[in-house]
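See structure below.
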Amino acid sequence: MHTIIKIAVVSVLALFAIVGMVSISKAEAQNQLIAVNADELLYAKKNGAIIIDIRREEEWKETGVIEGAELITAFQKDGSLHPEFQNKFFSIAVSKETPIVLYCRTGNRTNVLGTALMNQLGFTDVSHLSNGIKGWKKINYETLKY
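Reading the sequence shown from the start, the letters are residues 14 to 159 in the numbering used here.
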């Protein structure tokens, strides 16, 4: 699993480098990704945040999805960035101030992606569901069948 996360980090950074957006170092990072719980996600959703499920289709089928979430696969099974991610993401996150809450299965992939969105692309209002959809379902919150 750690190898996949490392590949995911490299994939995200490579994408941003390719599009000419990697320009700040760790020391210059302005924002820190915030981990939210299920209730905080619902509050953010109610207040206009875009909720994005970055998992793969087979994962959506397995657990269902949070109602109202945008479904945008970020990483392929091998950990590389999904080829359609960039276009789909930027079609809904039209401003760097757009409030965004990301979620995946356990929070690992969203931690990597959310950190890159903030530190490499300058998004200012990104958070992620700390325990992912597994934590959501563990406390018996509803999902919609995919």
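We put the beta carbon where it would ideally sit given N, CA and C, even for glycine. Only a predicted model underlies this, so the values are computations on that prediction, with no experimental measurement involved.
Rounded to whole angstroms, how far is the Cβ of residue i from the Cβ of residue j, which I believe are closer than 8 Å?
i           : j           : result
residue 88  : residue 122 : 6 Å
residue 51  : residue 148 : 7 Å
residue 113 : residue 136 : 7 Å
residue 46  : residue 131 : 6 Å
Just to confirm the assignment, what range does the alpha helix (DSSP H) spanning residue i have?
i           : result
residue 52  : 51 to 59
residue 140 : Element bounds for residue 140: not the alpha helix (DSSP H) but the beta strand (DSSP E), 139 to 142.
residue 145 : 145 to 151
Would you mind working out which of the options sits nearest residue i, comparing C-alpha positions?
i           : options          : result
residue 67  : 108, 152, 95     : 95
residue 84  : 145, 90, 102, 91 : 102
residue 116 : 104, 76, 44      : 76
residue 64  : 153, 74, 71, 138 : 138
residue 158 : 72, 47, 60, 46   : 72
residue 61  : 45, 82, 44       : 82
residue 48  : 150, 143, 93     : 143
residue 109 : 69, 53, 150, 133 : 133
residue 90  : 70, 74, 100, 107 : 70
Would you mind reading off the limits of the beta strand (DSSP E) that contains residue i?
i           : result
residue 115 : 113 to 116
residue 63  : 63 to 66
Return yes when the Cβ of residue j is within less than 8 Å of the Cβ of residue i, no when it is not.
i           : j           : result
residue 124 : residue 141 : yes
residue 156 : residue 79  : yes
residue 145 : residue 119 : yes
Exercise for the section: Entirely within the segment 75 to 125 and at least 3 residues each: give me those beta strand (DSSP E) ranges in chain order. Expected result: 113 to 116
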